[in-house]
Structures are given as structure tokens and as C-alpha cells.
């Protein structure tokens, strides 16, 4: 599904219906859907957000330029228009090119405009049948051409209203009451007339109408914010003032400037619509309840659509009212049927499932007999303390890699990537702990770029086993050959590097981890070919080494954990 139309406040009715179809709200013919929209307007249930009325004389000029070969401007991109039509032509151009031009705000959102006389508010004007807008505008290859002088525009958020009313009127909508031929056929089959529903609507539609009409101002403010933010991001992407790397990501200074202006822009919109925290909070609760309804009805595409609105409303509350996400989440409480705070359910933290998995399975890795240095009976509290540290340093890739290894049980071809990520994490966690250490000397030393050997030497510089590890370092180096890596690994796991068994286990654990790091970095094709047992040896030793590094940091006071 494409969500390209998300955030567009002014969709021509045909594009609006296509969006509805993409969201699996309706599945009927375009002609029938147009008649359905018209009926909803007639019954004062769902109005277009605005309507533009074009002078028929203007449409005749356009038709003549496009289709009359004798016209001097035939086939040309530019042509002369008298002054009376310049404003309507500019309006047409702005409508087509809004997402590409340099204007932050849409022309239809400007209160004072030269084109205001062409714009109608359907709520405040008399209803006319849509077919009555069709006027003769000229000929195309000798055939009379009729076009509508009206364009009906809908806002993207009206898909929710359209879904609700369509769902309520399903029985009335399933038989095409607008098609006389179908009605005749049904009568010929002697189906009772009372079974052929008319174009009227069920009584319960009033509740739906009031439900959304009461939120119109909220939706108007939110949709204006979404559209403005979407256009703001586009303008920033095209700007040469904001410095970006080759991937288009803003540098630190430009990022700071971006958010500063975004916050100011949000506050302007809050003031424009006179938004209040309490009312906006109620609107957020309304959207979350709709999210829950759509989820329970398995309307997955609509769920993803409304999640975007919830996300943007939270941004508006954060930047507009200076509220923290945690505060908004706590105040909202439990609205949806799932357990837990609503926003935690709708927007689970990144890798939340993987973290939960590792919380209960990390102990199995640490106590595995395949690890040279085992940790038995590690408490859940200790593991949680470690995972909280990982979260604080944005190192959640550890969850992901270990979680994927758990889920796939080393069957996937991409498993070598997870071994690589874990071995890389093994090296990085030493540097991350050291750079945030309470020891000034350690922070200074690790501020420079270091090789793996230097990293371990300095981090464990008070440990006696460090010298034996350094003297056997060459065992970890990758050498090309058909089975040389397997022989190196066997030599490490079966070796005796120190008389003290405790130190011997530590040395072997680190040698296996460094071996995995070098193997992953320099000879990935070999990693893809190794067997499951070898994978398990590498993974379990890397995990044990990471845990050893963490516990050592706590023991030596490199870092302290606030409980």
C-alpha cells in the first residue's frame, strides 16, 4: 500500500476514492463510489472539504488550446490568457504543483487570496447534483465535450469518516441502487421490492456523523500540521543552507536548526487553531480508540494510516505544549484493549520483543557448556541491569542479533551477519564503557582510535592473565586455507594457556571472541560455511566475553549503576 496521499488536505474526489480503495475501505466501481459521495453530501453527512467552481468560459479556452488544431497556441505549453482568467489559471497551477513549489502553505489554506471567489465551502452553500455542474466546453475530434465546472476536494483524514459511514450502510450500499438496469433485473427475478434497498441511510448514521463532526476542528488542525510538516521536510531536503551528507542526513548543526524551526512552526500552528492541552489530549484519546477498533476489525492498512496521525499529534503536543512523551503516555493511560499504556502498545520501543526474549534467554547463553568461561545462576535482576545500560547507550542491536539467533536457531544463511554484529559489539562495548568511565585516564586513552589488542590490554591492565593473552594473540589471526580456521579454533578451545584454570578459561574465551571478530571482518565467506556447532561455540563465547567485560566494569568502578 502506498501512503503517498497521507497528509494531503486537498485531494480531488477521484484521488480520495483511490486512497479509500488502497485502504480497503470500499471495493466498488468508481462511478458508484462517486454517486455514494454525492449522496453523503446531499444527506449532510460527509461534505467535501472545499469545492472550486471554474468559469465555463475558462474551460472552453483550455479545451480549445488542447484540442483545436487551428488555435494558434495548439500543442504549446504556454499561451495567452486575458487578465480575468489569470488568477484561476494560477490557482490551477498551484493545485497541481504544491508539493514541488517553494510555498510552505497551500493556496487553499490562505485566507486572503485573489482566487477566493472561485472557492466554495460545501457546508455553507446549497447542494446541487454533481451532474448539474457538467457544461459544454467545446469539441474533441468533432465530438461534443462536456466537463464539470466543479472540482470536489476531500482531506485525507476523511477516510475515517467515509469508512465508518460505509460500514454502517453496508446493506444499503451492496446493491447498486443507482443502476436502473440492475434494479430491473432484480425485479424480473421476482425479488420482493422491500429487499431492494433505496438510497436512504439507516437511522444510526447520525451517531457517526456527530462523532466526526464534533472532531472537525481537531482534524483540521492536525491535518494542517501534518501537511505543513511534510512540506517543511521536502523544502529542507531541497535546501542548500542545510548541510547534509551523501545519504541526505543533516549534520549536527543543521539538525539543531531544523528542530528549532520545527518547534517554532508548531507553536504558530497551535496558536492559529487556538489548541489547548486538555482538548488535544481528548482528541488523542479519540484517535487511539479508533486505532483499537480498526485493529480489532483487522483493518491493518487503516491501522497503519491512523498510527501516522497519532504519531503526528504526539509531535504537535511535544513541540507545541512542551510536553514529554512519557508524560503524554502516562496521562493517556490505558485506552486500547491490550495491556499496558496505550502508546507503549501502539509504538512499542525499538527491539522490545527482542529485549524481552533476551531477558529470559541470556542466562542460557552464559551457562552454556560450549563457553570457555561459564556463568551459572545469573539472576534476572542482573540481566535487566545490563540491558538497561544497553538501552541507555542505544546499543539495542545486541538484542536484535542475539534475538535473531534464538529465533532462527542458526538456520538462516545470514547468521554470519549476527555473529559479525556480536563480535563487533564485543569490541565496542569496551570502548563505550571506557569513554563513559569514572576514570579520567581511561577516558583520555580511549578517546583515540585503538586496535583490538590495545583495547583489551588497557581495559584489563591490572589483570595477570592479560600477558598470557597477549603472547598468544597470533592464534586469533585469520590465515587463508581450506581448514586452517577450524584448526586454529580447535587449538584455542583445547589449549592450556595458564596453570590457573580460572585464568585459562578467561584467556580461551577472549581468544575465541577475537578470532570470531577477525574471521567475520576479514573472511566472511568462511563464516558462511562453518557448521552449526562452530557457530554455537563462537556465539556463546562472545556473549560470555561481553558479560565478563560488563561485570569487570562494575567490580573495578569503571562505571556505577544507579538503582
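Numbering (this note's numbering), first residue to last: -10 to 552.
The beta carbon of each residue, even a glycine, is placed where N, CA and C say it ideally should be.
Extract the residue ranges of the alpha helix (DSSP H) inside the stretch 200 to 268, only unbroken runs of 4 or more that lie entirely within it.
205 to 227 and 241 to 261
Please go through the same chain and pick out, in chain order, the residues whose beta-carbon is closer than 7 Å to the beta-carbon of residue 182, but skip the five residues on each side of it.
The predicted position of residue 182 is uncertain, since its pLDDT is 47 and thus under 50; a value taken from the coordinates is nonetheless stated next. Cβ neighbours of residue 182 beyond the five flanking positions: none.
Let me confirm a value: residue 456 is counted as buried when at least 16 other C-beta atoms fall within 10 Å, else exposed. Which label applies?
By the Cβ-count criterion, residue 456 is exposed, with fewer than 16 other Cβ atoms from all chains shown falling within 10 Å of its own Cβ.
Please list the terminal residues of the continuous beta strand (DSSP E) segment that includes residue 463.
Element bounds for residue 463: n/a, residue is neither H nor E.
Cross-strand partners of residue 132 (DSSP beta bridge)
129
Since residue 324 and residue 277 are thought to touch, with beta carbons under 8 Å apart, how far apart are those beta carbons, to the nearest angstrom?
The beta carbons of residue 324 and residue 277 sit about 4 Å from each other, so the pair counts as a contact at 8 Å.
Three-pair Cβ contact test at 8 Å for the stretch -3 to 9 versus the stretch 123 to 136
no
Three or more C-beta pairs under 8 Å: does that hold for the stretch 285 to 296 against the stretch 236 to 246?
no
What does the alpha-carbon distance come out to for the pair residue 482 and residue 284?
52 Å
Can you list, in chain order, the stretches of the alpha helix (DSSP H) that have 4 or more residues and sit fully within the stretch 311 to 340?
314 to 321 and 331 to 335
Residue 498, buried or exposed, once every other Cβ within 10 Å from all chains shown has been counted against 16
buried
So the alpha helix (DSSP H) residue 49 belongs to, where does it begin and stop?
Element bounds for residue 49: 45 to 56.
With distance defined between alpha-carbon atoms, name the residue in 438, 214, 431 and 25 nearest to residue 451.
431
Flag this pair as touching only if the stretch 210 to 221 and the stretch 249 to 261 have three or more C-beta atom pairs under 8 Å; answer yes or no.
yes
Specify, as a first and last residue, the run of the alpha helix (DSSP H) that residue 448 falls within.
441 to 448
Taking the continuous beta strand (DSSP E) assigned at residue 40, which residues delimit it?
39 to 42
Classify residue -7 as buried or exposed, calling it buried when 16 or more other Cβ atoms lie within 10 Å of its own Cβ.
exposed
Residue 124 - partner residues in DSSP beta bridges
136
Which same chain residues end up closer than 7 Å to residue 454 when comparing Cβ atoms and leaving out the 5 residues on each side of it in sequence?
Same-chain partners within the cutoff: 487, 492, 495 and 496.
Compare the C-alpha of residue 67 against each of 80, 343, 428 and 51 and name the closest.
Ranked by how close their Cα comes to the Cα of residue 67, the residues 80, 343, 428 and 51 have 51 in first place.
What residue range is occupied by the uninterrupted alpha helix (DSSP H) comprising residue 157?
147 to 157
Delimiting residues of the alpha helix (DSSP H) encompassing residue 537:
521 to 545
Cβ pair residue 312, residue 273 closer than 8 Å
The answer is no: Cβ separation not under 8 Å.
Three-state class that DSSP yields for residue 0 in the structure shown:
strand
Measure the alpha-carbon distance for residue 577 versus residue 246 and round it to whole angstroms.
Only positions -10 to 552 of the chain appear in the structure, and residue 577 is not among them; the question remains open.
Residue 89: which of 306, 242 and 223 sits nearest, CA to CA?
223
Using only the alpha-carbon positions, how far apart do residue 369 and residue 531 sit?
20 Å
Give the straight-line distance between the Cα atoms of residue 391 and residue 355, rounded to the nearest whole angstrom.
12 Å
Nearest-angstrom Cβ-Cβ length linking residue 548 and residue 436, presumed shorter than 8 Å
Between residue 436 and residue 548 the Cβ distance is about 17 Å, and since that is not below 8 Å, they are no contact.
Go ahead and pull the three-state DSSP assignment for residue 95.
coil
N-terminal and C-terminal residue of the alpha helix (DSSP H) that residue 33 is part of:
Run containing residue 33: none; DSSP gives neither H nor E here.
Using only the alpha-carbon positions, how far apart do residue 413 and residue 315 sit?
Straight across, the Cα-Cα distance linking residue 413 with residue 315 is about 32 Å.
Tell me, please, whether the CB atom of residue 94 is closer than 8 Å to any CB atom in chain D?
In the displayed structure, chain D is absent; only one protein chain is listed.
Taking all protein chains shown into account, decide if residue 37 is buried (16 or more other Cβ within 10 angstroms of its Cβ) or exposed.
buried
Is it buried or exposed for residue 263, if we count other Cβ within 10 angstroms and need 16 for buried?
exposed
For the alpha helix (DSSP H) containing residue 427, name the first residue and the last one.
From DSSP, residue 427 is part of no alpha helix (DSSP H); its letter is neither H nor E.
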